[in-house]
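Reviewing the structure listed below.
Chains as they are written, first to last, in my numbering: chain A, 37 to 404; chain B, 1070 to 1455.
Structure follows, in structure tokens:
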């Protein structure tokens, strides 16, 4: 019986390349797979010089292939474009147009990396997958439950994007970088002689060039032959005073200050967007504060569920410092009432709320 | 791990006799075939010998044979060269939806130049209907381009009938013979068309050499500009060693054609029958006549990309037909044109056999396919309709 096969999700970046290198060094049987998620020939108007800095670029595939060749492992590019568009790109756009601020990385993890990719890996004979996420998985010796923990490198920790993982997915996943810092990973990449050891960091939302999601949404509508999202509307205060005009609610997100184009005495922030009325509601910083919200479609990771109120630290954005709160169960096991000890700024519909207990990810849900 | 090659429609290994001739030419024949001195004359003589051998395979006069860098250039030269040589205001081209990208993308370039292009549909079995060609003709039609044998499904088109229609309409007819030349007797067909493209590496010559046979009097604007090589149709110092190799490969192909075709057909049928008999919910894409070495099989409910990788990890090289620039599998325009559902198109694999394949290799392939398909179906059992 040959040793079990591990499929490494290789993006061509330094993190996933180092995962492949590490596993090879440990003598594991490894294959490299790169997910082709988006056809870079689409939406050419968004491309920067040479299409650089975009996901699934030929350069990234070239790099991943070079790493695989360096390590002497089988390597393939698999086409997930159709599924990615259906389950990540379209929902991303719909969420924005509905006035919410989606996180495509979580959708991609839930529907692509830890679903279709895991399935394809199993299909080709790899019982486990490994990715370059900075997070840790461990098994609770008492309950047998797989638990998710933050990565050791707190600045790189990606556990916020992984709260949707189910037990059967965690059981088949390896995060070899969870115990390492980014500096250690880079040093390892150099030590392993990986051709990408000096490569720069990738951008946040891989398929949106330069983070300009509004331009992406407009270009996508144009490509699909759809009327562009309705453009103009009013910028109003909470009590309905019209302060100015804007060029589309999808261009605004809660907490945003820049780009409003209205000047009054004190700094104004987006408090809410109302797509039905094409309105952007603004107000002073104080109006952004909220003490409580409801998280929906909750997935419990490290614990089985919530039977009574429980203390936790809750993160409402990737870069948010987890704030102390109490989780209250509701009648619906998939819904949790979150009450912060101190009101938090910009609780944004569409973002994820992830519940931590120290380093442990208890679970998470979507801000309703 | 032993490795087995079942992807001969993608490319073939260089055969021993071709390799011997090729390396000898690389070593000995280094003169420029356009040079006046003895070294050049020697190269020219070898080049013309090779031209004669390829011409015999195609049933053409050696003077008609233009060496190119391969099948893509030959097809581009045929499509772009004939249409661009025609100075008329309104120009129209007829081709089919299942052509190779070397023809389709060239037609796309012509469309951007203002040329109208009709892409003929094919039947569910993969055939162009000659009557459809006739109906698509317009007064301004300047070119018909239909492939001889399809690379993905192997079906052989009714080229003679289409050639008759083209001749009657006095329209130039180009036939992409890249998958046919060296695989089946093409001299009868090739001699009836105005342009015929062939590629060396599909029949055991190296990559980087091909030909376009051009009937005298067919106007052809060159793709490249430079010297007077190849009778002003293809400038650039001719790759004589590769031409020599293609010549030897052409002669060998012609010599072995009948026996090899019968042998490959028996192997292919053995493979096809075993898979169809033993794997539920499978079937063959495309009808007959077909290339003796090719079978394209759908495995309902299976992701062909996963099956391809699973087979490769077991040492068996097969293909899904189309790949994009990254190397990922692309939905096949050929299978879609046959009317396959996107699901079935994504569940289809191409097996293309060649000289080195044996009965025991085919039997090993069948076992590997059975094993991999069973594993995939266990993981995601779907309702399959036998």
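We put the beta carbon where it would ideally sit given N, CA and C, even for glycine. This one's a predicted model, so the numbers in the text were calculated from it and none came from an experiment.
- Unbroken alpha helix (DSSP H) run spanning residue 270 (chain A), endpoints: The residue you call residue 270 (chain A) lines up with position 234 of the first chain. Per DSSP, residue 270 (chain A) belongs to no alpha helix (DSSP H); it is in the beta strand (DSSP E), 269–273.
- Task: Apply the 10 Å Cβ neighbour rule to residue 1099 (chain B) and answer buried if 16 or more other Cβ atoms are within range, or exposed otherwise.
- Result: Residue mapping note: residue 1099 (chain B) aligns to position 30 of the second chain, counting from 1. It is exposed - the Cβ of residue 1099 (chain B) has fewer than 16 other Cβ atoms within 10 Å.
- Item | Terminal residues of the beta strand (DSSP E) in which residue 1267 (chain B) lies | As a position in the second chain, residue 1267 (chain B) is number 198, starting the count at 1. Its beta strand (DSSP E) spans residues 1264–1268.
- Residue from A:290, A:339, A:138 and A:192 with nearest C-alpha to residue 178 (chain A): Counting from one through the first chain, the residue named residue 178 (chain A) turns up at place 142. Among A:290, A:339, A:138 and A:192, the Cα nearest to that of residue 178 (chain A) belongs to A:339.
- Message: Rounded to the nearest angstrom, what separates residue 1211 (chain B) and residue 1151 (chain B) at their Cα positions?
- Response: Looking up residue 1211 (chain B) in the second chain gives position 142. Looking up residue 1151 (chain B) in the second chain gives position 82. Looking at the two C-alpha atoms, the distance is approximately 8 Å.
- Task: Find the nearest neighbour of residue 1265 (chain B) within the set B:1193, B:1146 and B:1368, judged by alpha-carbon distance.
- Result: The count along the second chain starts at 1 and reaches residue 1265 (chain B) at position 196. Nearest C-alpha to residue 1265 (chain B): B:1146.
- Task: May I ask you to report which of helix, strand or coil DSSP gives residue 1168 (chain B)?
- Result: Counting from 1 along the second chain, the entry for residue 1168 (chain B) is found at position 99. Three-state DSSP puts residue 1168 (chain B) in coil, outside helix and strand.
- Item | Start-end ranges of the beta strand (DSSP E) lying completely within the stretch 1144–1230 of chain B, minimum 3 residues | 1161–1165, 1185–1189 and 1210–1214
- Task: Tell me residue 325 (chain A)'s beta-bridge partners as DSSP assigns them.
- Result: To locate residue 325 (chain A), count along the first chain from 1; it is residue 289. Paired residues: A:381.
- Task: Taking only the alpha-carbon atoms, compute the straight-line gap between residue 1220 (chain B) and residue 1169 (chain B) and give it to the nearest angstrom.
- Result: In the second chain, the residue the question calls residue 1220 (chain B) occupies position 151. In the second chain, the residue the question calls residue 1169 (chain B) occupies position 100. Those two C-alpha atoms are separated by around 7 Å.
- Touch test, the stretch 1183–1203 of chain B against the stretch 1402–1414 of chain B, Cβ-Cβ under 8 Å, three pairs minimum: yes
- Query: For the candidate residues B:1314, B:1229 and B:1271, whose alpha-carbon lies nearest to that of residue 1256 (chain B)?
  - Reply: By 1-based counting over the second chain, the position of residue 1256 (chain B) is 187. It is B:1229 whose Cα lies nearest to the Cα of residue 1256 (chain B).
- Item | Any C-beta of chain B under 8 Å from that of residue 81 (chain A) | Locating residue 81 (chain A) in the first chain gives position 45, where the first residue counts as 1. Judged by the 8 Å Cβ criterion, residue 81 (chain A) is not in contact with chain B.
- Task: Inspect the beta-carbon positions of residue 117 (chain A) and residue 73 (chain A) and report whether they are closer than 8 Å.
- Result: The residue labelled residue 117 (chain A) in the question sits at position 81 within the first chain. The residue labelled residue 73 (chain A) in the question sits at position 37 within the first chain. Result yes, Cβ atoms of residue 117 (chain A) and residue 73 (chain A) sit closer than 8 Å.
- Query: Whose C-beta lies closer than 7 Å to the C-beta of residue 1437 (chain B) among residues of the same chain, with five residues either side of it excluded?
  - Reply: Residue mapping note: residue 1437 (chain B) aligns to position 368 of the second chain, counting from 1. Once the five neighbours on either side are set aside, the close Cβ partners of residue 1437 (chain B) are 1380, 1383 and 1385.
- Message: For the stretch 98–115 of chain A, list every residue whose C-beta sits within 8 Å of some C-beta in chain B, in sequence order.
- Response: 101, 110, 112, 113, 114 and 115
- Query: How about the stretch 1283–1298 of chain B and the stretch 1074–1091 of chain B: do they share at least three Cβ pairs that are nearer than 8 Å?
  - Reply: no
- Task: Quick one: measure Cβ to Cβ for residue 1246 (chain B) and residue 1267 (chain B), integer angstroms, because I've assumed they're closer than 8 Å.
- Result: The residue given as residue 1246 (chain B) occupies position 177 in the second chain. The residue given as residue 1267 (chain B) occupies position 198 in the second chain. At roughly 5 Å, the Cβ-Cβ gap stays under 8 Å, so residue 1246 (chain B) and residue 1267 (chain B) are in contact.
- Query: What residues from chain B crowd round residue 72 (chain A), counting only those whose CB sits closer than 7 Å?
  - Reply: Counted from its first residue, the first chain places residue 72 (chain A) at position 36. Within 7 Å Cβ-Cβ: 1395 and 1397.
- Query: In whole angstroms, what is the alpha-carbon distance linking residue 350 (chain A) and residue 107 (chain A)?
  - Reply: As a working note, residue 350 (chain A) is residue 314 in the first chain. As a working note, residue 107 (chain A) is residue 71 in the first chain. C-alpha separation (whole angstroms): 41 Å.
- Task: Measure from the alpha carbon of residue 390 (chain A) to the alpha carbon of each residue in A:251, A:377, A:144 and A:199, then state which is nearest.
- Result: Working through the first chain from its first residue, we reach residue 390 (chain A) at position 354. It is A:199 whose Cα lies nearest to the Cα of residue 390 (chain A).
- Message: Suppose you measure from the CA of residue 1271 (chain B) to the CA of residue 1116 (chain B); what does that come to, to the nearest Å?
- Response: For this step, residue 1271 (chain B) is matched to residue 202 along the second chain. For this step, residue 1116 (chain B) is matched to residue 47 along the second chain. For residue 1271 (chain B) and residue 1116 (chain B), the distance between alpha carbons rounds to 20 Å.
- Message: What does the Cβ neighbour count give for residue 294 (chain A), buried or exposed, with the cut at 16 atoms within 10 Å?
- Response: Locating residue 294 (chain A) in the first chain gives position 258, counting from the first residue. Under this definition residue 294 (chain A) is an exposed residue.
- Query: residue 1121 (chain B): which of B:1280, B:1291, B:1374 and B:1297 sits nearest, CA to CA?
  - Reply: In the second chain, counting from the first residue as 1, residue 1121 (chain B) sits at position 52. Measuring from the Cα of residue 1121 (chain B), the nearest candidate turns out to be B:1280.
- Message: 8 Å is my cut-off, CB to CB: does residue 387 (chain A) come that close to chain B?
- Response: Numbered from its first residue, the first chain carries residue 387 (chain A) at position 351. No, because no Cβ of chain B sits closer than 8 Å to the Cβ of residue 387 (chain A).
- Query: When DSSP labels each residue in this structure, what does residue 242 (chain A) get in the three-state scheme?
  - Reply: The residue given as residue 242 (chain A) occupies position 206 in the first chain. In the structure shown, residue 242 (chain A) sits in coil (DSSP, three-state: anything other than H, G, I, E or B).
- Exposed or buried, which one is residue 246 (chain A) when buried takes at least 16 other CB atoms within 10 Å? Translated into positions along the first chain, residue 246 (chain A) becomes position 210. Label assigned to residue 246 (chain A): exposed.
- Message: Does the stretch 1300–1313 of chain B come into contact with the stretch 1162–1176 of chain B, if we say contact requires no fewer than three beta-carbon pairs (one atom in each stretch) closer than 8 Å?
- Response: no
- Message: Taking the straight line between their C-alpha atoms, what separation do you get for residue 1399 (chain B) and residue 204 (chain A)?
- Response: The sequence position of residue 1399 (chain B) within the second chain is 330, counting from 1. The sequence position of residue 204 (chain A) within the first chain is 168, counting from 1. Answer to the nearest angstrom: the Cα atoms are 30 Å apart.
- Message: Contact criterion: CB-CB distance below 8 Å. Does residue 312 (chain A) meet it with respect to chain B?
- Response: By one-based count along the first chain, residue 312 (chain A) stands at place 276. Residue 312 (chain A) does not count as touching chain B.
- Message: Please state the DSSP three-state secondary structure of residue 1106 (chain B).
- Response: To locate residue 1106 (chain B), count along the second chain from 1; it is residue 37. Residue 1106 (chain B) falls in the coil class under three-state DSSP.
- Query: Any C-beta of chain B sitting closer than 8 Å to the C-beta of residue 158 (chain A)?
  - Reply: Looking up residue 158 (chain A) in the first chain gives position 122. Taking Cβ atoms only, chain B reaches closer than 8 Å to residue 158 (chain A), which makes this a yes.
- Item | Whole-angstrom distance between residue 1422 (chain B) and residue 1449 (chain B), CA atom to CA atom | Position 380 of the second chain, counting from 1, holds the residue named residue 1449 (chain B). Position 353 of the second chain, counting from 1, holds the residue named residue 1422 (chain B). Each residue's alpha carbon lies about 30 Å from the other.
- Whole-angstrom C-beta distance between residue 387 (chain A) and residue 54 (chain A), which should lie under 8 Å: For the purposes of this step, residue 54 (chain A) is taken as the residue at position 18 of the first chain. For the purposes of this step, residue 387 (chain A) is taken as the residue at position 351 of the first chain. No, residue 54 (chain A) and residue 387 (chain A) are not in contact; Cβ-Cβ is about 29 Å, not under 8 Å.
- Query: Of all the CB atoms in chain B, is at least one closer than 8 Å to the CB of residue 301 (chain A)?
  - Reply: Here residue 301 (chain A) is taken as the residue at index 265 of the first chain, counted from 1. False, the Cβ-Cβ gap to chain B never drops below 8 Å.
- Message: I'd like to know whether the C-beta atoms of residue 231 (chain A) and residue 103 (chain A) end up nearer to each other than 8 Å.
- Response: To locate residue 231 (chain A), count along the first chain from 1; it is residue 195. To locate residue 103 (chain A), count along the first chain from 1; it is residue 67. Going by C-beta atoms, residue 231 (chain A) is nearer than 8 Å to residue 103 (chain A).
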